[in-house]
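Each remark here refers to the structure printed beneath this line.
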Amino acid sequence: MSGVGSQVDQRLQNFRANLLEKPASGQVVIVEIDAKSLQAMDSWPWPREFYAQAIERLNQFGVTQIAFDIDFSAHSTKRQDQIFAEAISRSEATVILPTFRQLASSEQSQYTESLPIESLRKNAFLASVNVRPDDWGQLNQYSFGTRTADTARPSLASMMAEISGNIDENFAIDQTIDPATIPRVSFVDIVRGDRLIPELAGKKALIGATAIELGDRYPISRFGVVPGVVIQAMATETLLQGTDMASLGTAPPLVLAAIMLMLCILIRKSHDQALVRPAYAIAFVLVVLIFLFEYLHFFTFSNVPAFFFLGTFLILQNFLATALALKTSRFFNDISNLPNETAMLELIGGRKSLNIATASIAEYHELLVVTNNATRSDLFGNIADRLKFLALGEQVFHLDSDIMGWIVKEEYDQDIAGHFDTAAALLQSPVMAGDTRIKINATFGISSKSIRRSKVAAEQAFTAGVKWTWYDEEAYNSVGLKQNLLVELEQAIQKRHLDVVYQPKWDLAKDRLAGAEALVRWSHPEQGLISPAIFIPILEKSGRIDELTYFVLQRTLKDLATWDQQCGGLSCSVNISARLLGDAKFVENAIAMVEASDIENEQVIFEVTETAALADPELSRLALDRIRDAGIRISIDDYGTGQSTMSYLQRMPVNEIKIDQSFVKTMTFDNANRVMVKSTIEMAHALGFKVVAEGIEDQQCMNVLIKYGCDVGQGWHISKPVDSKVFEREWLGAKIIEAQKFA
Numbered sequence: 000m001s002g003v004g005s006q007v008d009q010r011l012q013n014f015r016a017n018l019l020e021k022p023a024s025g026q027v028v029i030v031e032i033d034a035k036s037l038q039a040m041d042s043w044p045w046p047r048e049f050y051a052q053a054i055e056r057l058n059q060f061g062v063t064q065i066a067f068d069i070d071f072s073a074h075s076t077k078r079q080d081q082i083f084a085e086a087i088s089r090s091e092a093t094v095i096l097p098t099f100r101q102l103a104s105s106e107q108s109q110y111t112e113s114l115p116i117e118s119l120r121k122n123a124f125l126a127s128v129n130v131r132p133d134d135w136g137q138l139n140q141y142s143f144g145t146r147t148a149d150t151a152r153p154s155l156a157s158m159m160a161e162i163s164g165n166i167d168e169n170f171a172i173d174q175t176i177d178p179a180t181i182p183r184v185s186f187v188d189i190v191r192g193d194r195l196i197p198e199l200a201g202k203k204a205l206i207g208a209t210a211i212e213l214g215d216r217y218p219i220s221r222f223g224v225v226p227g228v229v230i231q232a233m234a235t236e237t238l239l240q241g242t243d244m245a246s247l248g249t250a251p252p253l254v255l256a257a258i259m260l261m262l263c264i265l266i267r268k269s270h271d272q273a274l275v276r277p278a279y280a281i282a283f284v285l286v287v288l289i290f291l292f293e294y295l296h297f298f299t300f301s302n303v304p305a306f307f308f309l310g311t312f313l314i315l316q317n318f319l320a321t322a323l324a325l326k327t328s329r330f331f332n333d334i335s336n337l338p339n340e341t342a343m344l345e346l347i348g349g350r351k352s353l354n355i356a357t358a359s360i361a362e363y364h365e366l367l368v369v370t371n372n373a374t375r376s377d378l379f380g381n382i383a384d385r386l387k388f389l390a391l392g393e394q395v396f397h398l399d400s401d402i403m404g405w406i407v408k409e410e411y412d413q414d415i416a417g418h419f420d421t422a423a424a425l426l427q428s429p430v431m432a433g434d435t436r437i438k439i440n441a442t443f444g445i446s447s448k449s450i451r452r453s454k455v456a457a458e459q460a461f462t463a464g465v466k467w468t469w470y471d472e473e474a475y476n477s478v479g480l481k482q483n484l485l486v487e488l489e490q491a492i493q494k495r496h497l498d499v500v501y502q503p504k505w506d507l508a509k510d511r512l513a514g515a516e517a518l519v520r521w522s523h524p525e526q527g528l529i530s531p532a533i534f535i536p537i538l539e540k541s542g543r544i545d546e547l548t549y550f551v552l553q554r555t556l557k558d559l560a561t562w563d564q565q566c567g568g569l570s571c572s573v574n575i576s577a578r579l580l581g582d583a584k585f586v587e588n589a590i591a592m593v594e595a596s597d598i599e600n601e602q603v604i605f606e607v608t609e610t611a612a613l614a615d616p617e618l619s620r621l622a623l624d625r626i627r628d629a630g631i632r633i634s635i636d637d638y639g640t641g642q643s644t645m646s647y648l649q650r651m652p653v654n655e656i657k658i659d660q661s662f663v664k665t666m667t668f669d670n671a672n673r674v675m676v677k678s679t680i681e682m683a684h685a686l687g688f689k690v691v692a693e694g695i696e697d698q699q700c701m702n703v704l705i706k707y708g709c710d711v712g713q714g715w716h717i718s719k720p721v722d723s724k725v726f727e728r729e730w731l732g733a734k735i736i737e738a739q740k741f742a
């Protein structure tokens with residue numbers, strides 16, 4: 000559980016940081032290469048004389064240090080390199096240039112250190128800017144330095160703060176420091192400004208990129224995605240403010256909790272519920288202690304294992320209390336007063352070759368509505384009276400709330416089918432529950448191995464639509480069952496028995512209908528509605544997913560052409576399986592279908608999952624290039640669940656990204672997800688992408704997305720998926736198009 004524990008611990012740290020938040024010291028000033036500077040200087044990469052000018056101006060302002068978070072490991076022109084080198088040599092302020100450790104080549108596991116070119120490093124100090132994300136991809140830790148082969152290099156933060164430490168040790172970045180309070184000055188204002196900036200005197204200047212288009216952005220747990228130079232500044236502030244606290248780890252609070260709990264046990268000489276309050280009190284003490292020690296900057300520690308220990312203790316306490324309460328009545332069901340599963344296990348003992356039968360009552364939740372505890376007891380007693388003629392020793396057991404069980408009489412062992420025919424007949428007529436007549440529907444299962452297997456068999460019978468069945472582990476997960484489902488699915492596609500439904504998509508900026516997403520539904524004649532999560536993987540594995548996609552695309556194009564006559568310009572998106580991107584024939588056929596339709600190609604959107612685009616980048620790019628060249632728009636679905644970056648997607652022929660609903664649904668109460676959604680919208684717009692947010696389930700969520708400038712919204716708050724007739728009737732009317740109000 001270490002992975003889960005680390006995430007819980009990080010969330011607790013963020014919570015404490017929110018309460019203990021403080022401003023930056025003001026000693027570090029970020030000279031940011033922002034959008035304003037890029038636009039004003041109108042070129043990238045910049046000639047190195049710009050950096051030389053920055054050094055000269057910052058010296059005029061009286062800064063004590065000038066650190067660069069910019070790569071200078073490659074030569075520029077000879078003149079530009081010379082200008083920059085001379086500016087460094089003339090600087091009265093200490094100049095720090097970055098180095099970074101990287102693999103020597105893609106074919107080797109050895110590392111090398113990339114240094115600034117020799118002419119630049121003669122009069123400058125060198126510091127490592129390497130950062131190491133944790134297992135969750137976040138940069139919450141920072142090091143005192145980096146070791147490459149035999150070379151130990153101090154980190155940029157260590158060098159700027161002038162504080163040394165063990166080169167192999169990390170410290171936690173102090174996220175109680177609000178990065179918004181770190182002073183910032185635009186690079187162009189330094190270089191081309193016509194006034195002195197006296198507030199820079201005596202400060203440490205850190206020059207780095209904050210413009211979105213330059214990338215260099217990383218996630219940290221509390222503040223989401225931030226520029227790399229901000230992380231370097233926060234690490235420097237951590238050292239300057241002395242908040243790089245040592246961590247005592249997990250052992251001390253765990254040992255303390257155990258000792259305190261043991262003392263309570265010895266004092267009370269009890270193991271009952273009287274110890275629950277002390278357990279909560281110990282947890283409270285640990286919370287107070289960590290707040291106190293972190294506030295005083297003494298040290299920190301992790302309470303998660305101690306909390307887990309105390310939680311386990313409370314669970315065990317509850318279990319023991321329950322066991323004591325059931326000690327005298329553990330063999331009987333508390334509703335029906337019939338023997339329960341424990342009693343049945345006692346009866347079975349170690350005996351073998353017993354056939355265990357169970358009856359699972361269907362629609363049990365409806366019985367709860369028409370019965371109370373007294374009549375429910377009467378109901379199960381009457382069911383048991385009917386079934387006892389089939390049971391060994393005429394003993395029927397109430398195993399679960401809706402499951403009865405018995406051991407089959409020996410005379411029925413050779414005629415199990417007849418046994419269950421009799422059981423079904425016994426339950427054919429209504430059963431009395433007090434004065435109410437109840438119609439019972441049940442499916443039966445049987446196993447010679449265990450009660451559990453017999454229960455599963457009863458559920459298998461219900462799923463298969465038969466009255467009874469033997470437990471069969473292999474059949475439960477068999478390929479044959481999937482094959483039958485595949486055959487039925489192929490027939491459903493051929494006979495057009497599948498349905499295509501549409502979930503409306505709302506233009507948040509213009510407050511009007513933007514289009515819809517096409518979704519497939521399969522209503523099985525016996526098993527009811529089957530989730531796409533079940534049958535789509537079956538089609539993908541069998542290589543038949545193209546047939547389903549053709550069907551959905553054809554139906555969508557037909558419906559969209561009809562809607563276009565009433566409301567021109569609507570778009571509709573169709574999901575394309577990852578397996579189909581590598582099928583050139585499918586891509587050409589799909590494009591041909593769109594071109595043969597009565598709508599414009601740009602009204603059709605092909606949705607491809609983020610993981611699909613990443614699976615085979617080259618192959619995906621070829622397919623997506625062909626689709627976009629045909630005028631069909633491309634959307635990256637489930638954005639945020641894969642490993643792609645916005646800069647990576649910029650190189651793909653993509654029109655829009657669709658933020659996964661797991662982030663949208665929770666962003667109103669989860670700060671990290673809210674930051675992720677906001678930053679994604681900003682970066683996507685900066686790179687020319689349209690943004691769709693799915694999973695809108697309330698008006699508050701929708702208001703936040705409108706505030707953040709999201710383009711299109713989709714979710715149950717707007718509408719659940721509806722069939723084409725309902726969509727046409729309720730979503731293409733004049734009233735809906737003019738304005739839509741959501742309850």
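Using numbering that gives the first Met the number 0, read the sequence shown as starting at 0 and increasing by one per residue.
Yeah, the Cβ is synthetic: ideal placement off N, Cα and C, and Gly gets one too.
Please read all numbers here as calculations on a predicted model, not as lab measurements.
Option in the options with minimal Cα separation from residue i
i, options, result
"leucine 238", "Val30, Asn169 and Ile258", "Asn169"
"alanine 342", "Ala278, Gly404 and Leu291", "Gly404"
"serine 446", "Thr462, Ile437, Val430 and Trp469", "Trp469"
"valine 551", "Ala532, Cys566, Leu518 and Arg578", "Leu518"
"asparagine 440", "Ala456, Ala560 and Ala423", "Ala423"
"asparagine 574", "Pro22, Asp510 and Val500", "Val500"
"phenylalanine 668", "Leu205, Cys700, Asn654 and Gln490", "Cys700"
"glycine 444", "Phe461, Ala629 and Asp193", "Phe461"
"phenylalanine 726", "Ala685, Leu569, Glu587 and Lys689", "Leu569"
"serine 720", "Met651, Ala515, Ile680 and His523", "Serine is not the amino acid found at residue 720; the sequence shown has proline there. It is Ala515 whose Cα lies nearest to the Cα of proline 720."
"leucine 425", "Gln394, Glu409, Ile450 and Phe388", "Phe388"
"asparagine 17", "Asp193, Thr209, Ser220 and Leu247", "Ser220"
"arginine 452", "Asp420, Ile402 and Leu253", "Ile402"
"alanine 208", "Ala622, Ser185 and Arg194", "Ser185"
"isoleucine 334", "Thr299, Ala320, Phe379 and Leu344", "Phe379"
"threonine 555", "Asp722, Ser718 and Tyr411", "Asp722"
"phenylalanine 688", "Cys709, Gln490, Asn702 and Ile705", "Cys709"
"isoleucine 162", "Thr235, Thr76, Asp563 and Gln9", "Thr235"
"valine 62", "Ile680, Lys35, Ile29 and Phe83", "Ile29"
Beta-carbon gap between residue i and residue j smaller than 8 angstroms
i, j, result
"serine 157", "isoleucine 116", "no"
"leucine 386", "glutamate 340", "no"
"isoleucine 65", "leucine 213", "no"
"alanine 232", "leucine 199", "no"
"arginine 131", "glutamate 112", "no"
"valine 361", "threonine 442", "Residue identity differs from the one stated: residue 361 is alanine in this sequence, not valine. Yes. Within cutoff."
"methionine 645", "methionine 675", "no"
"isoleucine 355", "isoleucine 281", "no"
"glycine 223", "alanine 532", "no"
"aspartate 636", "glutamate 606", "yes"
"isoleucine 87", "alanine 53", "no"
"alanine 126", "proline 97", "yes"
"arginine 47", "aspartate 80", "yes"
"leucine 618", "leucine 580", "yes"
"tryptophan 715", "glutamate 729", "no"
"alanine 432", "aspartate 377", "yes"
"glutamine 502", "glutamine 713", "yes"
Neighbour-count burial assignment, residue i, 16 or more Cβ in a 10 Å radius
i, result
"tyrosine 294", "exposed"
"threonine 180", "exposed"
"phenylalanine 14", "exposed"
"tyrosine 110", "exposed"
"glycine 694", "buried"
"glycine 479", "Legend: pLDDT at glycine 479 = 49, less than 50; position of this residue unreliable, no value from coordinates given."
"leucine 195", "exposed"
"serine 477", "In this predicted model, serine 477 has a pLDDT of only 47, less than 50, meaning its place in the structure is not dependable; the value taken from the coordinates is given anyway. So serine 477 ends up on the exposed side."
Residues that DSSP places opposite residue i in a beta bridge
i, result
"cysteine 571", "Ala515 and Val603"
"phenylalanine 67", "Ile206"
"glutamine 565", "The partner list for glutamine 565 (beta bridge, DSSP) is empty, contrary to what the question assumes."
Task: Completely contained alpha helix (DSSP H) runs for the region 222-280, where each covers 4 or more residues - done: Runs of the alpha helix (DSSP H) inside the region 222-280: 227-239 and 250-267.
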